[in-house]
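A.B. asks: I'd like to ask some things about the structure below.
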Ligand code: NAD
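In the working numbering, the protein residues as written are 188 to 448.
See below:
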């Protein structure tokens, strides 16, 4: 990486796709701000391991993405510790599967807060830092469910469609200051988030867990393969590069052809 060391903040980076993205940016020499839930000793081992493996500065902020004041504190740390956040990856997300008539109200509120509103808060607070440096990259991890729906995922589909709309709007607001905002829309990736919904899907549909994988999850993906964390991380790195400067407001499917159908 040429010039000054850039800083990447990745929400929900204590596991899955977020951790993969943090690892890829650390390997390219970025300073890293990790965030997410988990056991504090495991997170500390992760933080130290990442810093040592790549010789970069890594800090962790425990902001709960349902809490705007904690998000504000995390963004402030970005300014205090690194002078700003250059690359913001809004990745934190949760899922809940239920028919709408029995969808718990508190689950709806939680999913909208974590999967959509948290990105509003991180972006509104990152933009002034990016404007100051006249450079910034915002990468929102949406989903194929930001483009199409599946039954029993009302809150998740609504939040991810909202995140797609937010992406397009933000892309227009500071386009002349080298600040881009794009969304990656992955198909199914075999992380904890997907593993956890297999039993619920089996229950909602009255089928076995193997049938959920074969006939529900990968049924939509023409390649019949899961997307990998490494593939998404490599794409996020590309979006942060100078070569990707003209990607702005793009809603980028990475789903083995799912949403081409
Ligand atoms: P994951 O469960 O492994 O990771 C989710 C991360 O979010 C974790 O670090 C978790 O600690 C964090 N998180 C959850 N609630 C939080 C909160 N209140 N505050 C702060 N952090 C919180 O799941 P994943 O599959 O890696 O998902 C990452 C993102 O990718 C999500 O936005 C998800 O919707 C999206 N996505 C996943 C898939 C998939 O198939 N796995 C497909 C498309 C999109």
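For glycine and all other residues, C-beta sits at the position ideal for the given N, C-alpha and C.
Quick one: Cα of residue 333 to Cα of residue 269, how far?
C.D. replies: Stepping through the chain shown from its first residue, residue 333 is reached at position 146. Stepping through the chain shown from its first residue, residue 269 is reached at position 82. Answer to the nearest angstrom: the Cα atoms are 32 Å apart.
A.B. asks: On a CA-only basis, which of 401, 416, 345, 426 is nearest residue 297? Give me that one, please.
C.D. replies: On the chain shown, position 110 is the one that residue 297 refers to. Comparing Cα-Cα distances from residue 297 to each of 401, 416, 345, 426, the minimum goes to 345.
A.B. asks: Quick one: complete alpha helix (DSSP H) runs, 4+ long, within the region 269-315?
C.D. replies: 292-299
A.B. asks: Using CA atoms only, rank isn't needed, just tell me which of 412, 434, 200 is closest to residue 281.
C.D. replies: As a working mapping, residue 281 is identified with position 94 in the chain shown. Comparing Cα-Cα distances from residue 281 to each of 412, 434, 200, the minimum goes to 200.
A.B. asks: Is there at least one non-hydrogen atom of the ligand NAD closer than 6 Å to the beta-carbon of residue 279?
C.D. replies: Indexing the chain shown from 1 puts residue 279 at position 92. Residue 279 Cβ: within cutoff of the ligand NAD.
A.B. asks: From this set, 336, 350, 337, which residue's C-alpha is nearest residue 325's C-alpha?
C.D. replies: Indexing the chain shown from 1 puts residue 325 at position 138. The residue with the shortest Cα to Cα distance from residue 325 is 350.
A.B. asks: Can you tell me whether residue 233 sits near the ligand NAD, meaning its C-beta is under 6 Å from at least one heavy atom of the ligand?
C.D. replies: Residue mapping note: residue 233 aligns to position 46 of the chain shown, counting from 1. Flag unset: Cβ of residue 233 not near the ligand NAD.
A.B. asks: Cutting at 6 Å between CB atoms, please list the residues of its own chain near residue 165, excluding the five before and the five after it.
C.D. replies: This structure does not reach residue 165, given that the chain is present from 188 up to 448, and the question cannot be answered.
A.B. asks: Please state if the CB of residue 284 and the CB of residue 382 are separated by a distance shorter than 7 Å.
C.D. replies: Within the chain shown, residue 382 is the residue found at index 195, counting from 1. Within the chain shown, residue 284 is the residue found at index 97, counting from 1. Not a contact, by the Cβ cut-off of 7 Å.
A.B. asks: Just to confirm the assignment: which complete beta strand (DSSP E) runs, minimum length 3, are found wholly within the region 203-257?
C.D. replies: 218-222, 245-248
A.B. asks: By Cβ distance below 7 Å, which residues in the same chain neighbour residue 362 in space, the five residues on each side in sequence not counted?
C.D. replies: As a working mapping, residue 362 is identified with position 175 in the chain shown. Counting only residues of its own chain and dropping the five nearest sequence neighbours on each side, residue 362 has a CB closer than 7 Å to the CB of 435.
A.B. asks: Is the Cβ-Cβ distance between residue 301 and residue 357 less than 7 Å?
C.D. replies: What you label residue 301 is simply residue 114 of the chain shown in a count that begins at 1. What you label residue 357 is simply residue 170 of the chain shown in a count that begins at 1. Taking 7 Å as the cut-off, the Cβ atoms of residue 301 and residue 357 do not count as close.
A.B. asks: Using a threshold of 6 Å, is the CB atom of residue 251 nearer than that to any non-hydrogen atom of the ligand NAD?
C.D. replies: Stepping through the chain shown from its first residue, residue 251 is reached at position 64. Correct: residue 251 has its Cβ closer than 6 Å to the ligand NAD.
A.B. asks: Does DSSP put residue 394 in a helix, a strand or coil?
C.D. replies: Numbered from its first residue, the chain shown carries residue 394 at position 207. Coil, per DSSP.
A.B. asks: Below 8 Å on the Cβ atoms is my contact criterion, and I expect residue 317 with residue 366 to pass it. Report the Cβ-Cβ distance as a whole number of Å.
C.D. replies: Numbered from 1 along the chain shown, position 130 holds the residue referred to as residue 317. Numbered from 1 along the chain shown, position 179 holds the residue referred to as residue 366. About 5 Å separates the two Cβ atoms, so the contact holds.
A.B. asks: Just checking: is the beta-carbon of residue 368 within a distance shorter than 7 Å of some beta-carbon in chain C?
C.D. replies: Of the chains in the structure shown, none is chain C; there is only one protein chain.
A.B. asks: For residue 435, which of helix, strand or coil comes out of DSSP?
C.D. replies: Taking the chain shown and counting its residues from 1, the one referred to as residue 435 is at position 248. In this structure, residue 435 counts as coil in the three-state DSSP scheme.
A.B. asks: Three-state secondary structure (DSSP) at residue 188?
C.D. replies: Sequence index remark: in the chain shown, residue 188 carries index 1 (1-based). Confidence is the limiting factor: at residue 188 the pLDDT is only 49, short of 50, which leaves the residue's position unreliable and the question unanswerable from this model.
A.B. asks: Classify residue 448 as buried or exposed, calling it buried when 16 or more other Cβ atoms lie within 10 Å of its own Cβ.
C.D. replies: By 1-based counting over the chain shown, the position of residue 448 is 261. Residue 448 comes out exposed.
A.B. asks: For residue 377, tell me which candidate among 236, 368, 364, 413 has the shortest Cα-Cα distance.
C.D. replies: Indexing the chain shown from 1 puts residue 377 at position 190. Considering only alpha carbons, the answer is 413.
A.B. asks: Check whether the Cβ of residue 352 lies closer than 6 Å to any heavy atom of the ligand NAD, and answer yes or no.
C.D. replies: Within the chain shown, the letter at position 165 stands for residue 352. For the ligand NAD, not one heavy atom lies less than 6 Å from the Cβ of residue 352.
A.B. asks: According to DSSP, simplified to helix, strand and coil, what is residue 369?
C.D. replies: To locate residue 369, count along the chain shown from 1; it is residue 182. Residue 369: strand per DSSP, three-state reduction.
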